[in-house]
Every structure is written in structure tokens, then in C-alpha cells.
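Protein chains in written order, with my numbering: chain A, 1 to 458; chain B, 459 to 654.
Note that the Cβ used here is the ideal one computed from N, Cα and C, for glycine as well.
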Amino acid sequence: MNTLFDKIWDQHVVQVVADGPTQLYIDRLYCHEVTSPQAFDGMRARGLKCFRPEQIVCMPDHNTPTHDQDKPISDPVSKKQVDTLERNAREFGLKHFGMMSKDNGIIHVVGPEKGLSLPGMTIVCGDSHTSTHGAMGAVAFGIGTSEVEMVMASQCILQQKPKSMRITINGQLGRGVTAKDVALYLMSKLTTSGATGYFVEYAGDVVKNLTMEGRLTLCNLSIEMGARGGFIAPDEVTFEYVKGKEYAPKGEAWDKAVAYWRTLKSGGDAVFDKELVFDAKDIEPRITYGTNPGMGIGITEAIPAEGDANFNKSLQYMGFSAGEQLLGKKIDYVFLGACTNGRIEDFRAFASLVKGRQKAADVVAWLVPGSWAVDKQIREEGLDKVLEASGFEIRQPGCSACLAMNDDKVPAGKYAVSTSNRNFEGRQGPGARTILCSPLVAAAAAVTGVITDPRTLL
Amino acid sequence: MKQKFDIITSTCVPLPLENVDTDQIIPARFLKATDKEGFGDNLFRDWRYRPDGSIVEDFVLNDPQYSGCILVAGKNFGSGSSREHAAWAIAGYGFRVVISSFFADIHKNNELNNFVLPVQVSESFLEELFQTILNNPGTLVEVDLPNQTVTNKTTGNSEHFDINGYKKHCLMNGLDDIDFLVANKEKIEKWERQRS
Chain A
1 MNTLFDKIWD QHVVQVVADG PTQLYIDRLY CHEVTSPQAF DGMRARGLKC FRPEQIVCMP
61 DHNTPTHDQD KPISDPVSKK QVDTLERNAR EFGLKHFGMM SKDNGIIHVV GPEKGLSLPG
121 MTIVCGDSHT STHGAMGAVA FGIGTSEVEM VMASQCILQQ KPKSMRITIN GQLGRGVTAK
181 DVALYLMSKL TTSGATGYFV EYAGDVVKNL TMEGRLTLCN LSIEMGARGG FIAPDEVTFE
241 YVKGKEYAPK GEAWDKAVAY WRTLKSGGDA VFDKELVFDA KDIEPRITYG TNPGMGIGIT
301 EAIPAEGDAN FNKSLQYMGF SAGEQLLGKK IDYVFLGACT NGRIEDFRAF ASLVKGRQKA
361 ADVVAWLVPG SWAVDKQIRE EGLDKVLEAS GFEIRQPGCS ACLAMNDDKV PAGKYAVSTS
421 NRNFEGRQGP GARTILCSPL VAAAAAVTGV ITDPRTLL
Chain B
459 MKQKFDIITS TCVPLPLENV DTDQIIPARF LKATDKEGFG DNLFRDWRYR PDGSIVEDFV
519 LNDPQYSGCI LVAGKNFGSG SSREHAAWAI AGYGFRVVIS SFFADIHKNN ELNNFVLPVQ
579 VSESFLEELF QTILNNPGTL VEVDLPNQTV TNKTTGNSEH FDINGYKKHC LMNGLDDIDF
639 LVANKEKIEK WERQRS
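Quick look at the structure:
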């Protein structure tokens, strides 16, 4: 009651269906090429036009290659999906940020950086990591393709109102500990289903002190605890980030918007369905050892000594033993990028650690900016020079090896240290073994060739 | 897809694994289609087939003992990616019901929107069901949507399951949410006017 989630949700209720879900108004729908074609087909089959086309933004990101984007995509099936999105956007009159346009990138990186995702909004996309936009102080969540079609047809969606949870993280993060480590810590505490049925508000000093990039990383990973979404009440950090963005309100409209956004916080008397409190001092740089993001440990810890059949199946897939420590374990691939850690701050962190060192000779490293805007900033800040001097190459933006729908696939049996969001079996390629971590842990592995505590190199 | 629901009685396919994510249900490399057809062939692809295309004999979908239109899975079924392709794969393979002790949110909605019924049961009911099916693959389960009950016909044990009245009506009558929303446009326009 009287939580920020209640305020934003309740404000968007068109009606509550008798003995049924809520009809919720959606301010922003994002579409990518993988989860939208069948929705557009459905619209055509029903003879419908988009109800509010100006509130829908499309861009390809999942299939896009991370090299030679100026040439046609070599995989004909990927090419067809990307071309289909462009054609559908044109037919239905929707904004489309095509590949190679300066506006393109991963939806969850582009939306916030262009001011398309704003505090107080309801935001959906056919993608579970839509929770990312919650960092703006928005109610943002992933949906299926049928639901994408609902929003195209009516700018509304039918949903049961989730329960509310507040996760407070007090204290101050230690050296080398990032928002990613906080999220990985929460996942291992809550498991991948611990927040299912809930919308999470993140609070506490740690959250307040995160930069916008860090907040986007934290909210991005809400779904990995099962939560439908996660968000952070907007504050000066948010307003400073949004100000001047291409699609953000300007002039008088800006002042009016900020005045409203300042009211977006949970009341002092807010009652959450569940409250959890954690302390930053318990969080160290983290890695995962299993096949779901909840199977994580502090980098200096050992894998648990025993577990159930699911645990054993995971370890067998990963080629790890119960009770084993992973420090010093040889790795093969490093991936910096994804909607989780493909932002400028992630590249700064990675570059700060590899500066003056060299990439380990037998490590393959894929550094993939989340958007062309991130790529531009990398170059403006001279990070490209630092990375190149250390033997790293910057690729072109897209989802890339996070789910390996393009050519960036980790071969079977190889270990990939990855800043992405999922370590499921086969996620980065059939048989690939994923170890999730922060950009700092990834950088430390990239220069040493083994799992390394980044604090020893800072 | 819009097959009306009533009472379904069938043998089951048991998948006693927890946290089955949608990447396992349908791996990302099969998401490139622009229609909804053919996903059933790749349901649990990397558990069903080896990389060289040969069959993994001991995976349950390849075990001729087990068949039927009810999939029984461990808790937290459908976690991870929001891909509705997972629901298309389940429906495309021929499953009409998935029984588990816990479902991930987005996947649960995706099943419902594709006329696949997610039936959430207690841990103890699920555990007994697994045991019964593994002991006797011919075990029948009855899923009665009108009365919202699920019954293990071998043991006779029955449980009530939850579904909201609106969705139940949709499933039983072959209606979907878009029909409902499009019919409600005036309310949406009114909401927009009041907001501005």
C-alpha cells in the first residue's frame, strides 16, 4: 500500500476486469526483431492498425552481427528477421532505428540513453530484460508476443497486479565491487524464483549511490530472481541523466515533468508484501559456477560441497566439482557487453583494469558496446586506444554473445567469462559454459587467462 | 491454437527437473522464424538431440513409454527469457497442459495466451504424481477446468488449482485478450483524455 509501484500502476489502470486481470495503459512499447513478427502478423490477420503508433519504437538488436554491419547479414534467416522488422515498422508507421544508424543498439541501452524511457512511465517489450528501464523510476516489464500484439492493438495489456517487494542494501560497496556483484549476490540469496510474482523496489544507500549505469545493471537483472520488474525511485541522479536527452521533455515541459517526478517515491507509511535488507559489507566480487544465475559465489569462495540432483546436473555440464574453488581456473572466452553491462561505465571499468597490461594470448575477447552512442563515447574518451594498446578490439553494437543468435558463439565445452545475464545451458552457444561476472572480473580474467580476483590488480 | 478447453484426461510426460528455463524449452538459435509454425520439432532440442543430430535415448521425450498431452515438470518451470516461442513449442509438440509446483510469471501468461493450461499444484501432489508416473507410465491425470481440479487417477488424489474467472472463460470459449481489448477502445480513449 502506498508504494511507488502502487502509485505508478494505479495511475495507469484503465479498468479492473471482473474476477480477472487489470487493464493497464502502456506508455511505451519497444519492439525488436525476434519477438515482434508474429505480433505484426496477428495485427494484419485481424485487420488492425497500431492504436498509438507514436508510442512504439522498434530496433533490431538480437541478430545483428558485431562486425561488417554495413554489409548484408550473411545468415539469410537472421537477415529476413531484421528486414521483416524494418518492413513492419514502415507498414505500421512506427519509429525504427535500423542497423548502422547512429540510433541503433540494444533496446535496453538505447531507450534510456535517448530519453525514451522516463520516470513514471509504464514500459513493455517482448523481452524479459525490459526490467532494465525500471532504473529510470518506471514500471517496466517483459512480455510475450501475444501481449506485444495486445499493446499494438490497444496500447493496453491485461495483467494481474504483482505483489510488491522492497530490497534495501545498506552500507557502502567495497573496492572492486559493482552493481553487477550486488545483483549476483541478490540472485544467489533469493534464487531464480525468489521474487517471482513480485515487483521489486531497490532502496538503501548502496542504491542511492549507484550511477545511472549501475542502476540500469541492477534493475536489468531483476528478472533473474524471477521478479517481473525492478525499479528505483527517481532522484537527482535520474534527473541529471535524463536532462538534455533527445526525447526528454524540454523547457517548461521539463520543469513540469521534474516537479511531477519528484513526487514519485514510496510513502513513509508504505507497506510492502515483502521486505528484505542486506548489507554491502557482505558482498565481494562474484562469479557464477552453475547453469542458472542464482548459482553464484563470492570470487574467493568455493562451490558448495553438496546439492541436489539439479545441482549435480549443473556441475556436470560446467565441468566443475562440488567444493571446488574457481580462482586460477583457466578460461577461454571473455565477453563484455549485453543490456546488462554494455554501457560506457562498463567499458571504463574494463579499460581501467587492462590499462598497461596485455590480453592473455589464448583468450578470445569480444568487447561489444551496447549502442552506437556508447561506441561514440568510448572513442571520445580515448578508451578505444587504451583497449587496443592492450590487445583488445571493439566490435559493433548488438546483443551478441549474450544469447548467440548472431555469429558470436562460444564453442562447446569452452569457458566464457561473461558480463551478460544468463548462464543457462547452451545460452552462449550449444555446449558453451558461462561464468557470469562484472566487467572488472571479466577484465581480470582477460589479462590473466584465469579466474582472478580483480582487487589484486586494482 | 484457439482450442476450447473443458476436461482433459491423458497420460503424462514427466520431466522431474527444477528451474527449466525457456532457453532449454527452445534454444535461441531457433527463434529466427517469423511465423509460429514448427517450434514443436525443436522443443527441448538440446536435451533431445546431440549436436550431431542423433537422438538422446534416455531423454523423456524420446522414451516410448511416455506420451500424452500433459507435461509434468519440476518447480519454477519456464524461467528466464520471455520468448513466447517456448509456449509455441510446447503447444506445437502437442501438450495442452503443463503441471508444476511453480511457474515463472511471463511464461505462465504465454502458455495461457496460447491455450496451454498451466496447472500449479502443491509440492507434495507433484512429488506423488512423479512417483506414480515413473512407476506406471500409463497413469492417467484428469484436468477439469470448469471445476478447477486436477486428479491423479491412479491414487485418486485431487487438488484444486487457481485461475482467474476471466481467463477461465476465455479458455473455455476460445476467446483471447485482444478481442477483449479491441472491444474496449472507448474506455482507453476516455482514460487518455482524463490523463491529459
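Item: Proximity winner among B:575, B:468 and B:549, relative to residue 629 of chain B (alpha-carbon distances); Value: B:575
Item: Proximity test, Cβ basis, 8 Å: residue 497 of chain B and chain A; Value: no
Item: Contacting positions in the segment 16-34 of chain A - beta carbon closer than 8 Å to chain B; Value: 17, 18, 19, 20, 21, 23, 25 and 34
Item: Contiguous alpha helix (DSSP H) assignments of at least 4 residues, all confined to the segment 248-311 of chain A; Value: 251-261
Item: Whole runs of the beta strand (DSSP E) within the segment 497-571 of chain B, excluding any shorter than 3 residues; Value: 528-531 and 555-558
Item: Residue nearest to residue 171 of chain A in terms of C-alpha spacing, selected from A:151, A:204 and A:197; Value: A:204
Item: Environment of residue 458 of chain A [buried if 16+ CB atoms lie within 10 Å]; Value: exposed
Item: Buried versus exposed, by CB contacts within 10 Å (16 or more), residue 537 of chain B; Value: buried
Item: CB-CB length for residue 557 of chain B against residue 608 of chain B, believed under 8 Å; Value: 7 Å
Item: Integer-rounded CB distance, given that residue 359 of chain A should sit under 8 Å from residue 446 of chain A; Value: 6 Å
Item: CA-to-CA distance, residue 542 of chain B to residue 645 of chain B, given in whole angstroms; Value: 28 Å
Item: Coarse secondary structure for residue 399 of chain A, derived from DSSP in three states; Value: coil
Item: Amino acids of chain D, ordered along the chain, whose beta-carbon sits closer than 9 Å to that of residue 462 of chain B; Value: Annotation note: the requested chain D is absent from the structure, which comprises protein chains A and B.
Item: Identity of the residue in B:650, B:621 and B:641 nearest residue 20 of chain A by Cα; Value: B:621
Item: Residue 363 of chain A versus A:241, A:136, A:450 and A:325, residue with shortest Cα-Cα distance; Value: A:450
Item: Any 3 or more C-beta pairs closer than 8 Å across the segment 35-52 of chain A and the segment 375-389 of chain A; Value: no
Item: Test: residue 80 of chain A CB closer than 8 Å to a CB of chain B; Value: yes
Item: Residue burial classification, residue 594 of chain B (beta-carbon count within 10 angstroms, cutoff 16); Value: exposed
Item: Residues sharing a beta bridge with residue 163 of chain A, DSSP; Value: A:198
Item: Spatially closest choice to residue 193 of chain A from B:590, B:579, B:636 and B:562, by CA coordinates; Value: B:562
Item: Contacts that residue 620 of chain B makes with chain A (C-beta to C-beta distance below 8 Å); Value: Ordered by position in chain A, no residue passes the 8 Å Cβ test against residue 620 of chain B, which lies about 11 Å from the chain.
Item: Three-state class that DSSP yields for residue 339 of chain A in the structure shown; Value: helix
Item: Cutoff 8 Å: residue 539 of chain B Cβ touching any chain A Cβ; Value: yes
Item: Own chain residues within Cβ distance below 8 Å of residue 513 of chain B, not counting five before or after; Value: 506, 507 and 520
Item: Close-in-space but distant-in-sequence residues of the same chain around residue 84 of chain A (CB under 6 Å, 5 per side omitted); Value: 37
Item: Against chain B: residues of the segment 303-315 of chain A by CB proximity under 7 Å; Value: 310
Item: Residue 14 of chain A burial status per 10 Å Cβ neighbour count (16 or more: buried); Value: buried
Item: 8 Å Cβ cutoff, residue 104 of chain A in contact with chain B; Value: no
Item: Limits of the unbroken beta strand (DSSP E) element including residue 617 of chain B; Value: 616-618
Item: Minimum Cβ-Cβ distance from residue 328 of chain A to chain B less than 8 Å; Value: no
Item: Contact list for residue 109 of chain A against chain B, beta-carbon separation under 7 Å; Value: Ordered by position in chain B, no residue passes the 7 Å Cβ test against residue 109 of chain A, which lies about 18 Å from the chain.
Item: Touch test, the segment 315-330 of chain A against the segment 109-120 of chain A, Cβ-Cβ under 8 Å, three pairs minimum; Value: no
Item: Runs of beta strand (DSSP E) lying entirely within the segment 312-378 of chain A, each at least 3 residues, in chain order; Value: 333-336 and 364-367
Item: For residue 289 of chain A, the nearest candidate out of A:129, A:297 and A:141 (CA to CA); Value: A:297
Item: Contact set between residue 492 of chain B and chain A, taken where Cβ atoms lie within less than 8 Å; Value: 37, 38, 41, 80, 81 and 84
Item: According to DSSP, residues forming a beta bridge with residue 600 of chain B; Value: B:467 and B:609
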